[in-house]
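So the structure is just underneath, and the comments pick up after that.
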């Protein structure tokens with residue numbers, strides 16, 4: 001397939017804008033693909049989001 005490849009590894013993320021890859025992060029490196037309407041600061045903020053794991057339900 002054509003296009004940039006992003007390895008499926010922990011820490012790799014892709015930011016989509018209307019279904020089109022707009023930016024990606026691999027480790028600490030952020031790459032912006034130049035999609036209209038996506039600023040680098042905005043892309044970095046979304047790509048660096050880390051969500052905590054939910055605690056298992058106990059019953």
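Numbering (this note's numbering), first residue to last: 1 to 59.
Glycine included, every Cβ here is placed at the ideal spot set by N, Cα and C.
Given the structure is predicted, the values throughout are model-derived calculations rather than measurements.
8 angstroms Cβ cutoff met for residue i and residue j
i: residue 10; j: residue 26; result: no
i: residue 2; j: residue 15; result: no
i: residue 49; j: residue 35; result: no
i: residue 17; j: residue 4; result: no
i: residue 44; j: residue 30; result: yes
Cross-strand partners of residue i (DSSP beta bridge)
i: residue 13; result: 25
i: residue 31; result: 24
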